[in-house]
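>
Protein chains: 2
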Amino acid sequence: MCRSMAELSSVAQAETMIRQNVGDFGVDKVLLGQASGRILRQRVMAERDQPPYDRVMMDGIAIRHGDVRSFHIHGTQRAGAPVGRLVADDSCLNVTTGAILPEGSDTVVPIERLSQQNDQFSLEPGYTPEAGQFVHARASDCRTGDVLLEPGIRLNAPALAVLAANGYARVEVARSPSIGILSTGDELVPVEGPVQEWEIRRSNEQALAGALRTRGLTDIHIDWAGDDLDDTIRALEKALSVHDVLILSGGVSMGSFDYVPRALERLGVERIFHKIAQRPGKPMWFGIGRQGQRIFALPGNPVSALTCCMRYVVPSLLTAMGARTPERFTVMLDAAIPLIPTLARFVPVRLRHDARGCACVSPQPASTSGDFSHLATTDGFVELPPGEGSASAGTAAVFHGW
Amino acid sequence: MCRSMAELSSVAQAETMIRQNVGDFGVDKVLLGQASGRILRQRVMAERDQPPYDRVMMDGIAIRHGDVRSFHIHGTQRAGAPVGRLVADDSCLNVTTGAILPEGSDTVVPIERLSQQNDQFSLEPGYTPEAGQFVHARASDCRTGDVLLEPGIRLNAPALAVLAANGYARVEVARSPSIGILSTGDELVPVEGPVQEWEIRRSNEQALAGALRTRGLTDIHIDWAGDDLDDTIRALEKALSVHDVLILSGGVSMGSFDYVPRALERLGVERIFHKIAQRPGKPMWFGIGRQGQRIFALPGNPVSALTCCMRYVVPSLLTAMGARTPERFTVMLDAAIPLIPTLARFVPVRLRHDARGCACVSPQPASTSGDFSHLATTDGFVELPPGEGSASAGTAAVFHGW
């Protein structure tokens, strides 16, 4: 009765099958103040030249560059005021940082380089301004219509500045799918209240929801079902009717009380795959509901559930939302990790960047797939392919953060 | 009139002076579902042994280890049910993953290793179970009262699982300070609506607010004041009366219309320092209000304002909130950057981890401190000390992300 390895999908196959089936959740138009961290879904163009005018970069005076060393001041060009004008080559205007450069002037002399007597400003002895200095020339950063941001980026602080500067009071971002998290198991009781010796508190849903929330996936609803086929069908039917994505934990291995695959089949959910050649997380199940809902059924073990969530669920949802940059990156092992001939391995690690800039990770293998207490001292996990022997210290591996 | 370098604080001095004055904003007790990404402010202890019982790790049968190879089944030990008991050495109980191990048994045989005839389970020919296999022993992960989480960590997914599993329905986290962002300048107009040639849209506040929000600092209020001393005093007075922290952009350099330092002095704000030996961001100002409010007055240039925010404001607020781990880390330059003899330099970079795990950065220097359009294609900036010549490719530098 031992299952042959041929029934398992590889990590790459599973990832491909999910990506081919994960769809799109559409676009939201949100106020700029609510866009931080969201995934951009439109092109952003320059509303105007940037800077939109020859912009004064220092407080001082605006002059026409030449041999004159003393200037009669005849007014002030403040930031935010319409453009003024020099009246003669030996005249100047007081200017403030951010002001438009007065017509007839081409150069700014900072206040620190000047001495003043009544209405007359004189250059510091021995100081010669460079022509055009301290002027941020119109259109030197970009021109009207230039593409400034492409879809797929996560909106960080500089991107928000670009949006604001170009008049985007509202911005098109990826809609967050509605996600239902359903944990199953008669042994699970709420976080609050009494707990019997043979019971454990419901913790997976908090870990999964937290992982999703920190990635901007915030539309999350949590439910629970006991180890009963009818109960499981009822809970799933309700969840399928309201959510784009279901994440289930528990009930997907071979036991007689693992009702989840059976309940999903009864509800017409098409199984795309069941079981991946990996440890932890081998029993993972993925399918598509009748209305296109994506169903990720993860093992109930806390380490397995969270690892599968970070390895498959989060990246595929972000891809579906149009994100272009995967969050994973390559790191270097600082200690050996035994490989498994037939299974990919995911091993919790601590990450640090050493004094030379190397992203080094220290493996912190769990004693069992149920041991999650120690995971909170780790930063994520590395992924190692199936193989003989060990991945030695110094081996490069892909890192996924919690 | 040229200012001597002796009046400037170094980057390290500025950082120390801020840290010594940044205070604490207290503690919030929040529901677990709202704790993701918050900074933990309490110790978290194990409510029970973990696992709380000898826990079955596979679906199968529970037996007493010995020479017997065929077992009479007399019931089921389901997950979530009170503990059962083996009646004899050749008896077994059906068990499900997560169940408590029945009394009298010590070993689990997975369903895949068994054949069944009526009420009799037989081991696969040639298969010998190991004593104690597939049992996750009580207290093997931790014991009641063990410290599982220390204050100062940012609550990630595994930490949320630990909290839930140990009955923490509410958790003490750092309170987010109330932050007022005030930009000043007559040239600034709203993101929406008409804009004249000599005006620019208000973008700094969006960048600063976005940077704070992605770090969990979400209690943010935005305001604006024109270049007028009374107007600035009024706006600052209002902001000081309601916020723990003020972040100002603009109005801190030497010009006659830079009212911010004067207005702050009138309002009794104690100046801790003004100007740092750095580019960009030299005019930065920091002070403490009469009720202990922290006031960061940043230059108005977008690149300067955002760089100062990420270099000083965000890290000091997170430290004040009890966060233990700074977000900065060391990276390696992939191209040379000219140094400045008297000023530290902050240079925007793109970050990538190469195939060996090296965190490499490509310098993307801004053409001027007003050029922020190109910042959106960068990941953060590196910090280089004052010096002669250049930092060559291969030099290690501290990286700060946007």
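Protein chains in written order, with UniProt numbering: chain A, 1 to 402; chain B, 1 to 402. By construction, the Cβ of each residue, glycine as well, lies at the ideal position given by its N, Cα and C atoms. Predicted model only: the values in this text are computed from it and were never measured.
1. Could you have a look at L212/A and say whether DSSP puts it in helix, strand or coil?
2. Any idea if M5/B is buried or exposed, counting beta-carbon neighbours within 10 angstroms, 16 or more meaning buried?
3. Could you tell me the alpha carbon to alpha carbon distance between S392/B and L339/B, rounded to whole angstroms?
4. Rounded to the nearest angstrom, what separates V260/A and A297/A at their Cα positions?
5. Please state if the CB of S115/A and the CB of A62/A are separated by a distance shorter than 9 Å.
6. I want to know whether the stretch 89-100 of chain A touches the stretch 53-71 of chain A - three or more CB-CB distances under 8 Å.
7. Looking at C-alpha atoms only, which residue of I39/A, D228/A, R64/A is the closest neighbour of A79/B?
8. Rounded to a whole number of angstroms, what is the C-alpha to C-alpha distance between G167/B and G126/B?
9. Which residues, in chain order, does the stretch 23-42 of chain A contribute to contact with chain B at a C-beta distance below 8 Å?
10. Where are the alpha helix (DSSP H) runs, 4 residues long or more, that stay fully inside the UniProt domain "MoaB/Mog" (180-320) of chain B, in chain order?
11. When you compare the CB positions of F381/A and I18/A, do they come within less than 9 Å of one another, or not?
12. What does the alpha-carbon distance come out to for the pair E132/B and P52/B?
13. Among the candidates K275/B, V162/B, T184/B, whose CA atom is the shortest distance from the CA of D9/B?
14. Looking at the strands, I want to know which residues DSSP matches up with S70/B.
15. Taking the alpha carbon of R215/A as the reference point, which residue from E130/A, T325/A, V347/A has its own alpha carbon closest?
16. Just curious, the beta strand (DSSP E) that E383/A is in, first and last residue?
17. Using DSSP with H/G/I as helix, E/B as strand and the rest coil, what is P158/A?
18. Is DSSP giving F7/A helix, strand or coil here?
19. Using DSSP bridges, identify the partner residues of I350/A.
20. Taking CB distances under 9 Å as the criterion, tell me whether Q50/A reaches chain B.
21. Which residues share a DSSP beta bridge with F399/B?
22. For a test of your reading of the model: does the CB of G292/A fall under 8 Å from any non-hydrogen atom of the ligand FAD? Yes or no.
23. Can you give me the C-alpha to C-alpha distance between R290/A and I222/A, rounded to a whole angstrom?
24. What three-state label does DSSP hand L149/B in the structure shown?
25. Give a yes or no on whether the minimum CB-CB distance between R78/B and chain A is below 9 Å.
26. Listing by chain order, which chain B residues have their CB less than 9 Å from the CB of I247/A?
27. Can you list, in chain order, the residues of its chain with a C-beta nearer than 8 Å to that of V135/B? Leave out the 5 residues immediately preceding and following it.
28. Under a Cβ-count criterion, where at least 16 other Cβ atoms within 10 Å of its own Cβ denotes burial, should H353/A be classed as buried or exposed?
29. Between which two residues does the beta strand (DSSP E) holding V22/A run?
30. Using a Cβ-Cβ cutoff of 8 Å, what residues of the stretch 154-168 of chain B are near chain A? List them in chain order.
31. Kindly indicate which residue of M321/A, S316/A, D334/A has the alpha-carbon position closest to the one of G328/A.
32. When we look at the beta-carbon of V242/B and count the other beta-carbons within 10 Å, is it buried (16 or more) or exposed?
33. Strictly under 9 Å for the Cβ-Cβ distance: is residue 435/A near chain B by that measure?
34. So what does DSSP say about C2/B, is it helix, strand or coil?
35. Using the Cβ count rule (16 or more neighbours within 10 Å means buried), how would you classify A88/A?
36. In terms of residue numbering, what span does the beta strand (DSSP E) encompassing N94/B cover?
In short:
1. helix
2. Unreliable placement is indicated for M5/B, whose pLDDT of 47 sits below 50; the coordinate value is still reported in the next sentence. It is exposed - the Cβ of M5/B has fewer than 16 other Cβ atoms within 10 Å.
3. 10 Å
4. Cα to Cα, V260/A sits roughly 8 Å from A297/A.
5. No. Outside cutoff.
6. Cβ pair count under 8 Å is three or more, so yes.
7. D228/A
8. 45 Å
9. Along the stretch 23-42 of chain A, the positions whose C-beta sits under 8 Å from a C-beta of chain B are L32, G33, A35, S36, G37, read in chain order.
10. The qualifying runs are 204-214, 229-242, 260-266, 302-308, 314-320.
11. no
12. In the sequence as displayed, the identity of residue 132/B is Gly instead of Glu. Rounded to the nearest angstrom, the two C-alpha atoms are 17 Å apart.
13. Before going on, a small fix: residue 9/B reads as Ser here, not Asp. Per the Cα distances, K275/B.
14. Among the bridge pairs identified by DSSP, S70/B is matched with S122/B.
15. T325/A
16. 380-384
17. helix
18. The amino acid at residue 7/A is misidentified as Phe; the sequence shows Glu. Reduced to three states, the DSSP call for E7/A is helix.
19. For the sequence presented, residue 350/A should be read as Arg rather than Ile. DSSP, once it has assigned bridges, lists S362/A as partnering R350/A.
20. Yes, Q50/A counts as interfacial toward chain B.
21. Answer is F329/B, V382/B.
22. You won't find the ligand FAD in this model; it holds no ligand whatsoever.
23. Going from the Cα of R290/A to the Cα of I222/A covers about 21 Å.
24. strand
25. Judged by the 9 Å Cβ criterion, R78/B is in contact with chain A.
26. The premise fails here: I247/A is roughly 13 Å from chain B at the closest Cβ pair, so nothing lies under 9 Å.
27. D54, R55, V56, M57, L101, D106, T107, V108
28. buried
29. V22/A -> no beta strand (DSSP E), and no H or E assigned at all.
30. L155, N156, A157, P158, A159, L160, A161, V162, L163, A164, A165, N166, G167, Y168
31. The sequence shown places Arg at residue 328/A, not Gly. The shortest C-alpha separation from R328/A is found at S316/A.
32. exposed
33. Outside the shown range of chain A (1 to 402) lies residue 435/A, about which nothing can therefore be said.
34. With a pLDDT of only 37 at C2/B, under the threshold of 50, the placement of this residue in the model should not be trusted, and no figure is reported.
35. Per the 10 Å Cβ criterion, exposed.
36. It spans 91-95 - the beta strand (DSSP E) in which N94/B sits, taken as one unbroken run.
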